[in-house]
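The next block holds one structure in the form of structure tokens; read it before the comments.
Protein chains in written order, with the numbering used here: chain A, 943 to 1217; chain B, 24 to 381.
Written out as structure tokens, the structure is:
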């Protein structure tokens, strides 16, 4: 064993870092079960009253539904268009392949704030009424490059000779894609779609600019915080965290499944992200 | 016999680089033809043009008389065995072999039988449910062969299918390919850079160099009567000796190289002046006594199992003369020994001088 690994100092720093990272999460979850309305210690005992309250709220259910609808639309659109775009960029022999790919990925570096403002200006310009539709469009713009990055990396790593072999055996380009390409990449696509769903589901900044009079879950939390502060906020946060966590796990599992030495495209992104 | 595949004046350029330069070729039904040449000579490009993956800059590809030059790969009744394994990893052996049949819409009842026949042909009966990662390199290429042949292609294209295999497996697979070719009677076009493989497998060999056909012929013809210095050097081992043609006398000419003076059967269209003399090492005789031939000194000796391989320095010749003697016919001659070098003038071949060949 490496001597450094056993150092008590390293162990202590690791522990502190983990506590720092996870204590806030634990506290949020803990106080969502609080008996009273207090959000700080002393903890007075467990109760499900805030969960009952929250789910009883029409506004909450509406926000949850809106978030889900937007996320579903965004992930379906991303799956279809992102896969097509990735396949096109990955397979084209055009000299513009590099520049075009880069243009598609570049939005990943844009701050959410910038996308939010830019989308708002754009919607104003084309006189599109702010609604869940504009939210979905803005989310799509935000999520698309992430999906594309994963899908293209996966396609790039497939052996082109397999597609040639399929064409040689009589398969038209469409059938090559359906019978040879898709079966090899679908787990990655499922993973990347889960990721798209998760990114859309808890998106706040961009949504804030383009939402209009509707509400999504993060918006609902934000507006609740401005009114009253009680453990129902913790309830919603806990749920949001669980759903997002679930989707990330889903993305990870599907990517690993497809991996086995090949195409582990989500890993670099997952590895750098803290849930 | 009719021409199954005809290539007419195929020229192909990648940008400014000419990969193929006016290649014409006719392949008969049932033939096994190899395209032989060093890497980068254009042989794989030629095969990919037949398969439809590359559209030639000029020229035509005719399959049973039909012009398919511009047809997409999936519309051509040819199938290919690739250099590396291209088995679909998400399908088992059975489904891999059945792939082309299912695409072609062969009735379900028929698919099972044809796949079974194809797997029996390559001796992989019982491997139906295996996946690619459960097969050895040789087995993978057998499946690839079955997957191509099951479609009964007009021409089977093989792109260096054995180059990734170990020598022992490669020799086994060569025998398998010969047997499969005999049993199916299919037309094979086989690309290789391995002259030994080409000699062992082919009905005819097409020697390609720098995008041009150097020679077309049976392995025997090309070995005995190479049409160019390149063909002589590339197919089998050869002594290629620069000589001067000094005189002609009826059916024979006299050539001089250093102290060597030989009368040789006169080839067509060769006058006085410089030329190349090609002598296969098996035809060179080394003697430790007597006065036939020219004197030389043994510089190197290697045991080759079936015999000994010598390199002999001969005064007046630029390169050492290569000689191969069977182990039975003569005891080995030690390095440094004086020997007399000779060969049968009737067995060597005179080729016109090409300045670039030196």
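Using N, Cα and C, we set each Cβ at its ideal position, and we do this for glycine too.
Cβ of residue i within 7 Å of any chain A Cβ
i                      : result
residue 187 of chain B : no
residue 105 of chain B : yes
residue 117 of chain B : no
residue 123 of chain B : yes
residue 37 of chain B  : no
residue 127 of chain B : yes
residue 213 of chain B : no
residue 79 of chain B  : no
residue 109 of chain B : yes
residue 113 of chain B : yes
residue 184 of chain B : no
residue 102 of chain B : yes
residue 96 of chain B  : yes
Residues sharing a beta bridge with residue i, DSSP
i                       : result
residue 323 of chain B  : B:334
residue 215 of chain B  : B:59
residue 1092 of chain A : None; residue 1092 of chain A has no bridge partner.
residue 179 of chain B  : B:102, B:211
residue 978 of chain A  : Answer is none; residue 978 of chain A lacks a bridge partner.
residue 84 of chain B   : B:30
residue 268 of chain B  : B:278, B:296
Contact with chain B by residue i, beta-carbon distance below 7 Å
i                       : result
residue 1109 of chain A : yes
residue 1112 of chain A : yes
residue 1125 of chain A : yes
residue 1132 of chain A : no
residue 1095 of chain A : no
residue 1198 of chain A : no
residue 1104 of chain A : yes
residue 958 of chain A  : no
residue 1122 of chain A : yes
DSSP-derived helix/strand/coil call for residue i
i                       : result
residue 1145 of chain A : coil
residue 311 of chain B  : coil
residue 1121 of chain A : helix
residue 29 of chain B   : strand
residue 206 of chain B  : helix
residue 238 of chain B  : strand
residue 44 of chain B   : strand
residue 1081 of chain A : helix
residue 174 of chain B  : coil
residue 983 of chain A  : coil
residue 1217 of chain A : Per-residue confidence for residue 1217 of chain A stands at a pLDDT of 29, beneath the threshold of 50, marking its modelled position as unreliable; no derived number is given.
residue 296 of chain B  : strand
residue 187 of chain B  : coil
residue 950 of chain A  : helix
residue 285 of chain B  : strand
residue 959 of chain A  : helix
Run of the beta strand (DSSP E) containing residue i, from where it starts to where it stops
i                       : result
residue 1031 of chain A : First-last for residue 1031 of chain A: 1000–1033, but that is the alpha helix (DSSP H), not the beta strand (DSSP E).
residue 366 of chain B  : 361–366
residue 347 of chain B  : 344–349
residue 145 of chain B  : No beta strand (DSSP E) contains residue 145 of chain B, which DSSP labels as neither H nor E.
residue 1110 of chain A : First-last for residue 1110 of chain A: 1102–1110, but that is the alpha helix (DSSP H), not the beta strand (DSSP E).
residue 372 of chain B  : 372–375
residue 276 of chain B  : 275–280
Rounded straight-line distance, which links the Cα of residue j to that of residue i
i                       : j                       : result
residue 173 of chain B  : residue 285 of chain B  : 56 Å
residue 297 of chain B  : residue 338 of chain B  : 19 Å
residue 304 of chain B  : residue 345 of chain B  : 5 Å
residue 239 of chain B  : residue 267 of chain B  : 28 Å
residue 1035 of chain A : residue 77 of chain B   : 13 Å
residue 1015 of chain A : residue 184 of chain B  : 48 Å
residue 363 of chain B  : residue 357 of chain B  : 14 Å
residue 962 of chain A  : residue 150 of chain B  : 56 Å
residue 230 of chain B  : residue 1041 of chain A : 42 Å
residue 136 of chain B  : residue 83 of chain B   : 37 Å
residue 203 of chain B  : residue 343 of chain B  : 42 Å
residue 1140 of chain A : residue 154 of chain B  : 35 Å
residue 1046 of chain A : residue 1114 of chain A : 28 Å
residue 1211 of chain A : residue 1184 of chain A : Here residue 1211 of chain A scores only 43 on pLDDT, less than 50, and its place in the model should not be relied on; the value that follows carries that caveat. When rounded, the distance between both Cα atoms is 19 Å.
residue 217 of chain B  : residue 254 of chain B  : 13 Å
residue 1143 of chain A : residue 1087 of chain A : 16 Å
residue 1080 of chain A : residue 997 of chain A  : 28 Å
residue 361 of chain B  : residue 261 of chain B  : 22 Å
residue 971 of chain A  : residue 1176 of chain A : 6 Å
Residue span of the alpha helix (DSSP H) that contains residue i, given as start and end
i                       : result
residue 219 of chain B  : 218–224
residue 1057 of chain A : 1054–1067
residue 231 of chain B  : Looking at the DSSP string, residue 231 of chain B is not in any alpha helix (DSSP H); the run it does join, the beta strand (DSSP E), is 227–232.
> Quick one, which residues of the region 1028–1049 of chain A are near chain E if we go by CB-CB under 7 Å, in chain order?
Replying inline: Note that chain E does not occur in the displayed structure, where the protein chains are A and B.
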